[in-house]
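Sequential numbering from 383 applies to the sequence shown in our numbering.
No residue lacks a Cβ here, since even glycine has one placed at the ideal position from N, Cα and C.
A quick note: this is a predicted structure, and the numbers were derived from the prediction, not measured.
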Amino acid sequence: MRVMLAAILLVLIGFVIVAVGYAAEQAALRQEAQSARQISQNFARTLKSQLVAAIKAEGPEGAIPVCQYIAPAIAKQYSADGIQIGRTALKLRNPANAPDAWERSVLEGFSTAMKKGADPQTLERFAFFPNQGGGKTFRYMKAIPVGQTCLACHGSNLSPAVKQALAEKYPDDQAVGFAPGELHGAFTISRKML
Ligand code: HEC
Numbered sequence: 383m384r385v386m387l388a389a390i391l392l393v394l395i396g397f398v399i400v401a402v403g404y405a406a407e408q409a410a411l412r413q414e415a416q417s418a419r420q421i422s423q424n425f426a427r428t429l430k431s432q433l434v435a436a437i438k439a440e441g442p443e444g445a446i447p448v449c450q451y452i453a454p455a456i457a458k459q460y461s462a463d464g465i466q467i468g469r470t471a472l473k474l475r476n477p478a479n480a481p482d483a484w485e486r487s488v489l490e491g492f493s494t495a496m497k498k499g500a501d502p503q504t505l506e507r508f509a510f511f512p513n514q515g516g517g518k519t520f521r522y523m524k525a526i527p528v529g530q531t532c533l534a535c536h537g538s539n540l541s542p543a544v545k546q547a548l549a550e551k552y553p554d555d556q557a558v559g560f561a562p563g564e565l566h567g568a569f570t571i572s573r574k575m576l
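Written out as structure tokens, the structure reads:
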């Protein structure tokens, strides 16, 4: 009888330990997601304001380098904290931004959700992934909807100057023909943790 009770007690303690571990993991995940959400909002805001200013000053063809160089510049600011940030999409302009397997499946999920009427502003996904050598990596993705500012370089009606500038730099450009409100791509953030 005693042995039985001790065994039950051990099993219960085991459950409690697992539950506490799970709750701690969920709390850490929520915290990481909150900071990633903030980073992607800052990224979007900085990018948009710089694009609008550059288009105003030099026209869309003159603003092309902003979209090209702003992402690496912002990424550099965050890399000190071990954070990697970039942009990806299913229809790409720069092949260097191609999604990996997880990113592709998340982008496809976003696109399916939008077909069912989801608001792209609310679409995000995040999770921990185990690292090969131990520890884990936090990954976060946030959908990027197409806005009016984007159309001069990603819409269906590009000016000849923009067309030419893009053709020179991006001969395999797929990122045109977007309409406002569609899914363009996603911000993608990852942070290696201990
Ligand atoms: C002035 C032209 C211009 C405007 C306006 C512009 N983009 Fe881009 N976009 C580019 C260029 C050029 C690239 C390729 C950047 C690179 O080489 O990494 C790009 C790349 C991207 C990418 C990365 C994926 C890929 O295809 O390489 C995303 C996502 C993106 N743009 C979204 C947007 C959104 C959303 C807007 C509107 C807020 C926008 N862009 C406005 C020129 C522009």
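Legend entry - Identity of the residues DSSP links to Gly396 by a beta bridge: DSSP, once it has assigned bridges, lists no residue as partnering Gly396.
Legend entry - Proximal residues to Ala543 (C-beta, below 6 Å), its chain only, five neighbours per side dropped: Glu443
Inset, instruction - Report all residues from its chain with a CB closer than 6 Å to the CB of Asp555; omit the five preceding and five following residues, and keep chain order. - result: Arg475, Leu548
Inset, instruction - Give a yes or no on contact between the segment 447 to 457 and the segment 523 to 530, applying the rule of three or more CB pairs nearer than 8 Å. - result: no
Legend entry - Simplified DSSP assignment, three categories, for Gln416: helix
Legend entry - Helix, strand or coil at Tyr460 [DSSP, three-state]: helix
Legend entry - Extent of the continuous beta strand (DSSP E) to which Thr519 belongs: 518 to 527
Legend entry - Burial state of Ser431, where buried means 16 or more other Cβ atoms lie within 10 Å: exposed
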